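**Q** What follows is a single structure, and I will ask about it in a moment.
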Amino acid sequence: MSSAKRTDTRSPAPHVADSHDMIRVHGARENNLKDVSIEIPKRRLTVFTGVSGSGKSSLVFNTIAAESQRLINETYSAFVQGFMPTLARPEVDVLDGLTTAIIVDQQRMGADPRSTVGTATDANAMLRILFSRLGDPHIGPPSAYSFNTASVRASGAITVERGNKKAVRATYERTGGMCTNCEGRGTVSDIDLTQLYDDSKSLAEGAFTIPGWKSDSQWTVQVYAQSGFVDPDKPIREYTEKELRDFLHGEPVKVKVNGVNLTYEGLIPKIQKSFLSKDKEAMQPHIRAFVERAVTFTTCPECEGTRLSEGARSSRIGKISIADACAMEIRDLAEWVRDLDEPSVAPLLTALRDTLDSFVEIGLGYLSLDRPAGTLSGGEAQRVKMIRHLGSSLTDTTYVSDEPTIGLHPHDIQRMNDLLLRLRDKGNTVLVVEHKPEAIAIADHVVDLGPGAGTAGGTVCYEGTVEGLRAGGTLTGRHLDDRAALKETVRKPTGALEIRGATTHNLQGVDVDVPLGVLCVVTGVAGSGKSSLIHGSIPAGADVVSVDQSAIKGSRRSNPATYTGLLDPIRKAFAKANGVKPALFSANSEGACPTCNGAGVVYTDLAMMAGVAAPCEDCEGKRFQPAVLEYRLGGRDISEVLAMSVDRAEEFFGTGEARTPAAHKILERLADVGLGYLTLGQPLTTLSGGERQRLKLATHMGEKGGDGSVFVLDEPTTGLHLADVEQLLGLLDRLVDAGKSVIVIEHHQAVMAHADWIIDLGPGAGHDGGRIVFEGTPADLVADRSTLTGEHLARYVGA
């Protein structure tokens, strides 16, 4: 690869002098690590490789980074520690030579509607100061330009009537930068009242149809019924105009319900606070379904989606308002700031230019500062977090990064490599978990874990140089130079999904036919419009299943067995074999150990110190009552089955006394998607983004659907070892051969080479993208070489 060749001429890392320049780890036993002992050179770039589940994250994040953060937290006073997350000491004998660890991971930045790219970095804060100094007309301090600030001042008083009682309450005028109509969200909600209540009924008859609102016991409902504003025994459709206004739009006011002082407010503001201010993705499915039924969102007509007050929008520098500045692509904003020449704010302009240039430098110049943070991909979010550290004066810091090349086109990976090398060359230790050969190639030091996953992993298979890894004979070394070949023949489409005039985000009126019945790969540089085209134009529905890497909602009790439905046939098999109820074999139901309530651990809260989670003494961490563990299937009790890996369980439920076809079928699908190393009872909260996506895929593969079902996968190679990519390609082939249509958004050249059809977007990112630059077979793309993707794919297959 060209990137590997370019890195051969880089300046060498600083020489490591002695043992004081090492991070020493001895006897690490977190998760599946088997007494790992290793010495990692400081002020160098070390890449950790190995198959999924081999122990990379356990060593890098759960041991080294976790202990560094725990020790730093301990330097604060007990009072301050009480407000910080508590961290337990990792299972390790010795950890020496640690420095401050800064973790830059793939976690998405949350879907809070008030969080944007600008608020997540320092860029918005600096822009607000700039406009408060140079804006004309001058409207006030920096907060006057903030859509998250609703400054208030008392402006008078109003009289509130409740029945025959009157109360006086103060009124306030908002003076901040927040648009008062949408409260700084940029959108307003239109609520369908028929989804909130049945107006033919009274409150006493259970008129509310909102999930969880019951008239007989729910406190919220009782507030309305006993408020005195409405007659609880009168059907809502018979309310007077005043009753309906108080019921729907009443201002907050204290009322007494069953002797308890509570706050009454109108139903619409109550729904907005209870449901619309929360992350929709974090809602339970039935709540999310209710919100999608009851609420539609439209751009705020007053601020036109800018979130800002009229005053904030009226203040300008030249012809540009702060709303205009935040809506620009960052690379254009950087040029505008560069043209400003005002000595009175020179230090501020310098800092703002540096921040904006950092966005451009790491390939995010196509974003705008008003882009909602929740819409960023995991890779984009990770790079946004890195921007804070580019200009930092800190040295001798440990930067810990989790697959920083995720979401990057081969053309963009070199930029990320350069960034990692810059961090190293400033005198920092850089630890990276990676699978991409182009990223492994720049390492000063490589640590390869394995040899397998889960219980078959957790040991160090190799330490040393990249050249040594190639010659070392480990699984990673053997596959480091793997290259997939172009298919000799490609499948013919059975139909097409027609997309016409697509304009989501940066798409420029795109017309394209996405072929069905084949493996179609959609590619292009980061920000070219791939996700906008597919997710924005092909809505998920009965025939379209979107399988992404977002978090799976569930508690620490949720695991692969519960999520996939595997536990149901397992419980039934245990019940049938022993002549008892299936509920006994659920740690969340009748079979749960009463001491730990089926959690397996007893948690002791030690206030500002790290809490202690000790295995339950009664069930010894097995989660079940001792009596339940007397029941066996194929010689195993239920806790032993949940401790099995998917591969072991597939064998167990496939033959003999324990043979359970329904369970075996689910286990086959889990193994098919490369999750054979997961244990059935492993908490879902411990899974990576790629593992979550493959778990969802396995679950959807079991759903009944016609031959026209369409699977949309977003970067399924995320978290996959080089050796596992071939297995993924086989799985995609089986899906297509079974009559499914598979659309994959992907950058990995092996997947591109294996495609039947490629749709390439570009030619660049942001306003330089949003167009189809190629449609055709991989062979035609390689022969054409007219796009960046074509150039890199040709180089990859050796054409």
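Taking our numbering, the leading residue of the sequence shown gets -9, the next gets one more, and so forth.
Built from N, CA and C at the ideal position, the CB exists for glycine as well.
Values in this document were obtained by computation on a predicted structure and should not be read as measured data.
Note down, in chain order, each residue of its chain lying with its Cβ closer than 6 Å to the Cβ of His738, except the 5 sequence neighbours on either side.
**A** Mapped onto the sequence shown, residue 738 falls at position 748. Cβ neighbours of His738 beyond the five flanking positions: Thr707.
**Q** Once the 5 residues before and after Ala818 are set aside, which same chain residues still bring their CB inside 6 Å of it?
**A** Only positions -9 to 789 of the chain appear in this structure, which leaves residue 818 out of reach.
**Q** Determine the contact status of Leu439 and Lys46, defining contact as a CB-CB distance below 7 Å.
**A** Within the sequence shown, residue 439 is the residue found at index 449, counting from 1. Within the sequence shown, residue 46 is the residue found at index 56, counting from 1. Yes, Cβ-Cβ distance for Leu439 and Lys46 is below 7 Å.
**Q** How far does the beta strand (DSSP E) with Phe701 in it extend, from its first residue to its last?
**A** Indexing the sequence shown from 1 puts residue 701 at position 711. Run containing Phe701: 700 to 704, per the beta strand (DSSP E) assignment.
**Q** Lys260 by DSSP, collapsed to three states: which one?
**A** Taking the sequence shown and counting its residues from 1, the one referred to as residue 260 is at position 270. Correct three-state label for Lys260: helix.
**Q** Where does Asp402 land, buried or exposed, given buried means 16+ other C-beta within 10 angstroms?
**A** As a position in the sequence shown, residue 402 is number 412, starting the count at 1. Asp402 comes out buried.
**Q** Could you tell me which of Thr449, Val456, Asn568 sits nearest to Gly17, measuring between CA atoms?
**A** In the sequence shown, the residue the question calls residue 17 occupies position 27. The shortest Cα separation from Gly17 among Thr449, Val456, Asn568 belongs to Thr449.
**Q** I'd like to check one pair, Val107 with Cys290: are the Cβ atoms closer than 7 Å?
**A** Your numbering for residue 290 matches position 300 in the sequence shown. Your numbering for residue 107 matches position 117 in the sequence shown. No, Cβ-Cβ distance for Cys290 and Val107 is not below 7 Å.
**Q** DSSP state of Arg785, grouped into three classes?
**A** For the purposes of this step, residue 785 is taken as the residue at position 795 of the sequence shown. Reduced to three states, the DSSP call for Arg785 is helix.
**Q** Across the segment 313 to 325 and the segment 344 to 353, are there enough close Cβ pairs to call them in contact, namely three or more that are closer than 8 Å?
**A** With a cut-off of 8 Å, the segment 344 to 353 and the segment 313 to 325 count as touching, because enough Cβ pairs lie within range.
**Q** Quick check on Gln498: buried or exposed, where buried means 16 or more other Cβ atoms within 10 Å of its Cβ?
**A** Within the sequence shown, residue 498 is the residue found at index 508, counting from 1. Classification of Gln498: exposed, given that the 10 Å Cβ count is below 16.
**Q** What does a CB cutoff of less than 6 Å around Val247 pick up in its chain, not counting 5 residues either side in sequence?
**A** What you label residue 247 is simply residue 257 of the sequence shown in a count that begins at 1. Within the same chain, Val247 has close Cβ partners Gln212, Val213, Gln216.
**Q** Quick check on the DSSP output: the beta strand (DSSP E) that includes Gly454 runs from which residue to which?
**A** Against the sequence shown, residue 454 aligns to sequence position 464. From DSSP, the beta strand (DSSP E) with Gly454 extends over 449 to 454.
**Q** Does DSSP classify Asn21 as helix, strand or coil?
**A** Taking the first residue of the sequence shown as position 1, residue 21 is located at position 31. In the structure shown, Asn21 sits in coil (DSSP, three-state: anything other than H, G, I, E or B).
**Q** Is Leu523 near Ala486, with beta carbons less than 7 Å apart?
**A** The count along the sequence shown starts at 1 and reaches residue 523 at position 533. The count along the sequence shown starts at 1 and reaches residue 486 at position 496. Their beta carbons are not under 7 Å apart, which means Leu523 does not touch Ala486 by this criterion.
**Q** Would you list the residues sitting across from His16 in a DSSP beta bridge?
**A** As a position in the sequence shown, residue 16 is number 26, starting the count at 1. Looking at the DSSP assignment, His16 forms a beta bridge with Val84.
**Q** Does the Cβ of Asp182 have 16 or more other Cβ atoms within 10 Å, making it buried, or fewer, making it exposed?
**A** Translated into positions along the sequence shown, residue 182 becomes position 192. It is exposed - the Cβ of Asp182 has fewer than 16 other Cβ atoms within 10 Å.
**Q** Quick check: Pro119 and Pro127, are their CB atoms within less than 7 Å of each other?
**A** Locating residue 119 in the sequence shown gives position 129, counting from the first residue. Locating residue 127 in the sequence shown gives position 137, counting from the first residue. Correcting the residue identity first, residue 119 is Ile in this sequence and not Pro. Their beta carbons are not under 7 Å apart, which means Ile119 does not touch Pro127 by this criterion.
**Q** CB-CB under 6 Å to Gly696, same chain, minus the five flanking residues each way: which ones, in chain order?
**A** As a working note, residue 696 is residue 706 in the sequence shown. Residue confidence for Gly696 is low, a pLDDT of 47 falling below 50, so the modelled location carries little weight; the figure read from the coordinates is stated next. There are no such residues.
**Q** With DSSP run on the structure shown, which of helix, strand or coil describes Tyr254?
**A** As a first step, residue 254 is located in the sequence shown; it is residue number 264 there, counting from the start. Strand at Tyr254.
**Q** Assign Thr484 to buried or exposed, taking buried as 16 or more other Cβ atoms, counted over all protein chains shown, within 10 Å of its Cβ.
**A** As a first step, residue 484 must be located in the sequence shown, where it is residue number 494. Thr484 is exposed by the Cβ-count criterion.
**Q** Return the Cβ separation of Ala661 and Asp637 in integer angstroms, given the expectation that the two are a contact with Cβ distance under 8 Å.
**A** Counting from 1 along the sequence shown, the entry for residue 661 is found at position 671. Counting from 1 along the sequence shown, the entry for residue 637 is found at position 647. Their Cβ separation, rounded to whole angstroms, is 6 Å, which keeps Ala661 and Asp637 in contact under 8 Å.
**Q** Tell me whether Val511 is buried or exposed, calling it buried when 16 or more other Cβ atoms sit within 10 Å of its Cβ.
**A** Reading the sequence shown from its first residue, position 521 is the one you call residue 511. So Val511 counts as buried.
**Q** Could you compute how far the alpha carbon of Asn578 sits from the alpha carbon of Gly611?
**A** Residue 578 sits at position 588 when you count from the first residue of the sequence shown. Residue 611 sits at position 621 when you count from the first residue of the sequence shown. Cα to Cα, the separation comes out at about 14 Å.
**Q** Return the CA-CA distance between Pro673 and Val423, expressed in angstroms with no decimal places.
**A** As a first step, residue 673 must be located in the sequence shown, where it is residue number 683. As a first step, residue 423 must be located in the sequence shown, where it is residue number 433. Those two C-alpha atoms are separated by around 22 Å.
**Q** How many angstroms separate the CA atom of Ala582 from the CA atom of Thr669?
**A** Counted from its first residue, the sequence shown places residue 582 at position 592. Counted from its first residue, the sequence shown places residue 669 at position 679. Distance between the alpha carbons of Ala582 and Thr669 is about 19 Å.
**Q** So the candidates are Met406, Thr767, Asp723; which of them puts its Cα closest to the Cα of Val504?
**A** The sequence position of residue 504 within the sequence shown is 514, counting from 1. Val504 has its Cα closest to that of Thr767, out of Met406, Thr767, Asp723.
**Q** What are the start and end residues of the alpha helix (DSSP H) that includes Glu658?
**A** Locating residue 658 in the sequence shown gives position 668, counting from the first residue. Looking at the DSSP string, the run of the alpha helix (DSSP H) that includes Glu658 is 651 to 662.
**Q** Among the residues of its own chain, which have a CB less than 6 Å from the CB of Ser44, if the five just before and after it don't count?
**A** In the sequence shown, counting from the first residue as 1, residue 44 sits at position 54. Answer for Ser44: Leu439, Gly440, Ala443, Gly447, listed in chain order.
**Q** Does Ser133 come out as helix, strand or coil in the three-state DSSP assignment?
**A** As a position in the sequence shown, residue 133 is number 143, starting the count at 1. Of the three classes helix, strand and coil, the one that applies to Ser133 here is helix, per DSSP.
**Q** Taking just the CA atoms, how far does Asp434 sit from Met634?
**A** Here residue 634 refers to the residue found at position 644 when the sequence shown is read from its first residue. Here residue 434 refers to the residue found at position 444 when the sequence shown is read from its first residue. So the two alpha carbons sit approximately 38 Å from each other.
**Q** Give me the Cβ distance between Gly368 and Gln539, rounded to the nearest whole Å; I'm assuming they're in contact under 8 Å.
**A** Locating residue 368 in the sequence shown gives position 378, counting from the first residue. Locating residue 539 in the sequence shown gives position 549, counting from the first residue. About 6 Å; that satisfies the 8 Å criterion.
**Q** Can you say whether Trp209 is buried or exposed, counting buried as having 16 or more other CB atoms within 10 angstroms of its CB?
**A** The count along the sequence shown starts at 1 and reaches residue 209 at position 219. So Trp209 ends up on the exposed side.
**Q** Compare the C-alpha of Asn138 against each of Phe280, Met116, Val480, Thr109 and name the closest.
**A** Working through the sequence shown from its first residue, we reach residue 138 at position 148. Ranking the options by Cα distance to Asn138, first place goes to Thr109.
**Q** For Thr791, write down the residues that DSSP places opposite it in a beta bridge.
**A** No answer is possible for residue 791: the residues shown for the chain start at -9 and end at 789.
**Q** When burial is assigned at 16 or more other CB atoms within 10 Å of the CB, is Ala371 buried or exposed?
**A** Translated into the one-based positions of the sequence shown, residue 371 becomes position 381. Classification of Ala371: buried, given that the 10 Å Cβ count is 16 or more.
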